[in-house]
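Down below is the structure, laid out as structure tokens.
In our numbering, the protein residues as written are 1 to 440.
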């Protein structure tokens with residue numbers, strides 16, 4: 001089976017897709033990850049280990065034995081799968097990391113809509129054209145929900161598709177939409193929040209989507225809305241979140257599978273400078289905000305350093321400027337899955353991927369959310385007892401962060417809760433579960 005996986009956004013969004021692609025390739029399928037060219041090395045690395053992955057997936061593939069969603073045959077344990085990148089020239093992360101992009105993300109609801117039309121819409125036609133070319137011969141498309149690309153491609157070419165969720169985005173009465181910054185709105189309000197968010201998405205994207213359907217894909221206007229159509233058709237949803245982190249709501253339909261996280265263990269050795277720093281003292285605290293850029297990075301770095309010192313902790317800082325400090329080390333790119341278990345605590349922005357990796361490491365987390373679903377994940381970490389209450393980055397102070405870091409590294413109950421949760425997550429195999437759901 002030829003599978004196309006659409007991966008847009010940051011590394012935290014893309015790496016789980018590569019992990020899922022590697023799992024499918026290990027089961028004998030021909031997988032194309034459609035993502036920005038910057039992730040070519042990540043895909044090549046996973047493809048280079050495909051033989052090991054295929055061997056690791058042998059028992060799972062044999063046990064599943066189910067047909068693929070479109071009625072064809074799965075690859076089988078002895079088949080030779082492939083994993084490759086189809087690069088797109090539109091790099092969403094580059095947009096987000098730019099000065100204009102950061103100003104856009106901090107601009108509030110009205111400014112966000114204006115910025116979307118100014119920044120994103122001019123690139124959308126090129127993006128859809130490249131995605132269309134990459135998926136034209138696929139037997140199955142795995143796609144994020146936003147924009148409805150999976151549906152459009154299925155309508156154009158006739159192949160089935162499944163949706164990929166990195167947060168629990170299916171409507172439920174159990175909790176509000178993760179993009180809504182409230183812990184609960186009551187049963188009816190929680191459910192209604194999904195209708196609200198999806199309606200706003202339709203208002204923001206609807207006209208652009210219809211223009212692209214006609215101009216690029218040769219399709220008429222979309223009828224019924226992208227979210228309602230998918231639910232009416234019973235499209236499978238793979239939610240790459242652990243049920244140990246978010247319990248499966250009782251009112252979710254059977255087509256939604258909470259598979260567990262899609263992790264990819266990578267060979268990584270810390271640079272000598274980092275290894276020496278780790279060996280020179282007790283475990284430090286990691287601080288990094290991924291692709292999120294504070295309004296004043298230098299001021300944020302000073303606040304972070306002051307907080308760590310007030311808490312009596314050394315620090316490993318990623319993406320924050322700090323010069324000439326023996327108790328602080330600034331690092332570049334690092335494998336969080338290998339680095340986080342060596343930390344006393346992890347301070348991060350609350351992205352879905354980073355949150356899952358930090359929880360799997362089994363050390364307490366301090367979440368400093370910026371926007372989007374990050375407050376949701378910060379609240380989940382606190383509710384699980386694996387970290388203190390989140391500290392939004394807009395309210396970041398040395399005193400507030402120092403208190404949370406001190407609690408994270410010294411509260412025996414919190415450390416034990418984080419360690420127990422980490423053990424459960426390391427025992428899960430979300431990739432195998434997702435492949436089984438797909439009948440692959």
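Note that CB positions come from ideal geometry on N, CA and C, so glycine has one too.
Predicted, not measured: the structure shown is a model, and the values here were computed from it.
Whole-angstrom distance between residue 147 and residue 400, CA atom to CA atom: Going from the Cα of residue 400 to the Cα of residue 147 covers about 38 Å.
Residue span of the alpha helix (DSSP H) that contains residue 329, given as start and end: Here residue 329 belongs to no alpha helix (DSSP H); instead the beta strand (DSSP E) covers 328-331.
Close-in-space but distant-in-sequence residues of the same chain around residue 306 (CB under 7 Å, 5 per side omitted): Non-local beta-carbon contacts of residue 306 in its own chain, meaning distances under 7 Å to residues more than five positions away in sequence, involve 398 in chain order.
Cα-Cα separation, residue 442 to residue 157: The first residue shown for the chain is 1 and the last is 440, placing residue 442 beyond what the model contains.
Residue 154, buried or exposed, once every other Cβ within 10 Å from all chains shown has been counted against 16: Buried is the call here.
Rounded Cβ spacing between residue 166 and residue 16 (contact assumed at less than 8 Å): Contact between residue 166 and residue 16 holds: CB atoms are separated by about 7 Å, below the 8 Å threshold.
Three-way DSSP call (helix, strand, coil) for residue 379 in this model: In the structure shown, residue 379 falls within a helical segment according to DSSP collapsed to helix, strand and coil.
Proximity to residue 172 [Cα-Cα], best of 120, 246, 327 and 328: Of the listed residues, the one whose Cα sits closest to residue 172 is 246.
For residue 87, the three-state DSSP class (helix, strand or coil): In the structure shown, the three-state DSSP call for residue 87 is strand.
8 Å Cβ cutoff met for residue 278 and residue 359: Against a cut-off of 8 Å, the Cβ pair of residue 359 and residue 278 comes out as no contact.
Range covered by the alpha helix (DSSP H) that runs through residue 14: Per DSSP, residue 14 belongs to the alpha helix (DSSP H) from 11-26.
Reference residue 349, options 421, 376, 207 and 199, closest by Cα: Out of 421, 376, 207 and 199, 376 has the C-alpha closest to the C-alpha of residue 349.
Simplified DSSP state of residue 374, which is helix, strand or coil: Here residue 374 sits in helix by DSSP.
Distance between residue 119 and residue 456 (C-alpha atoms, nearest Å): This structure leaves residue 456 out entirely; the chain is present only between 1 and 440.
Minimum length 3: unbroken beta strand (DSSP E) runs contained in the region 258-301: List check, beta strand (DSSP E) in window: 285-288.
The region 127-138 in contact with the region 86-96 per 3-pair CB rule at 8 Å: Taking a cut-off of 8 Å for Cβ pairs, the region 127-138 and the region 86-96 touch, as three or more such pairs fall below it.
Spatially closest choice to residue 209 from 322, 152, 330 and 254, by CA coordinates: Comparing alpha-carbon positions, the option among 322, 152, 330 and 254 lying closest to residue 209 turns out to be 152.
Per-residue DSSP class, three states only, for residue 311: Residue 311: coil per DSSP, three-state reduction.
Bridge partner(s) assigned by DSSP for residue 365: Beta bridge pairing from DSSP links residue 365 with 346.
For residue 172, the three-state DSSP class (helix, strand or coil): Coil at residue 172, not helix or strand.
Cβ contact (3+ pairs, closer than 8 Å) linking the region 312-323 and the region 282-290: They touch, by the three-pair rule.
Other residues of its chain near residue 9: CB distance less than 6 Å, five sequence neighbours each side excluded: Taken in chain order, the residues that qualify are 92.
Collapsed DSSP secondary structure at residue 193 in the structure displayed: Annotated three-state conformation of residue 193 is helix, per DSSP.
Under the three-state DSSP convention, the category residue 420 falls into: In the three-state reduction of the DSSP assignment, residue 420 falls in the helix class.
Cβ pair residue 364, residue 414 closer than 8 Å: Contact: yes.
Bridge partners - residue 144, DSSP secondary structure assignment: Looking at the DSSP output, residue 144 shares a beta bridge with 164.
Beta bridge counterpart(s) of residue 477 as assigned by DSSP: Examination of residue 477 is not possible in this model, given that the chain is present from 1 through 440 alone.
Beta carbon of residue 138 nearer than 8 Å to that of residue 2: Contact flag set, yes.
Per DSSP, the bridge partner or partners of residue 32: Looking at the DSSP output, residue 32 sits in a beta bridge with 4 and 84.
Rounded Cβ spacing between residue 20 and residue 431 (contact assumed at less than 8 Å): Sure, about 6 Å apart at Cβ, within 8 Å.
From 241, 163, 436 and 80, residue whose alpha carbon lies closest to that of residue 25: Closest by alpha carbon: 80.
Given residue 102 as reference, the closest of 440, 393 and 295 once Cα atoms are compared: Looking only at 440, 393 and 295, the smallest Cα-Cα distance to residue 102 is reached by 295.
Residue 344 vs residue 304 beta-carbon contact at 8 Å: Result no, Cβ atoms of residue 344 and residue 304 do not sit closer than 8 Å.
Alpha-carbon to alpha-carbon, residue 403 and residue 334: Residue 334 and residue 403: Cα-Cα distance of roughly 27 Å.
Cut-off 7 Å between Cβ atoms - residues of its own chain near residue 423, not counting five sequence neighbours on either side: In the same chain as residue 423, and ignoring 5 residues on each side of it, the C-beta atoms closer than 7 Å to its own belong to 362, in chain order.
Alpha-carbon to alpha-carbon, residue 291 and residue 318: If you take the alpha carbons of residue 318 and residue 291, they lie about 11 Å apart.
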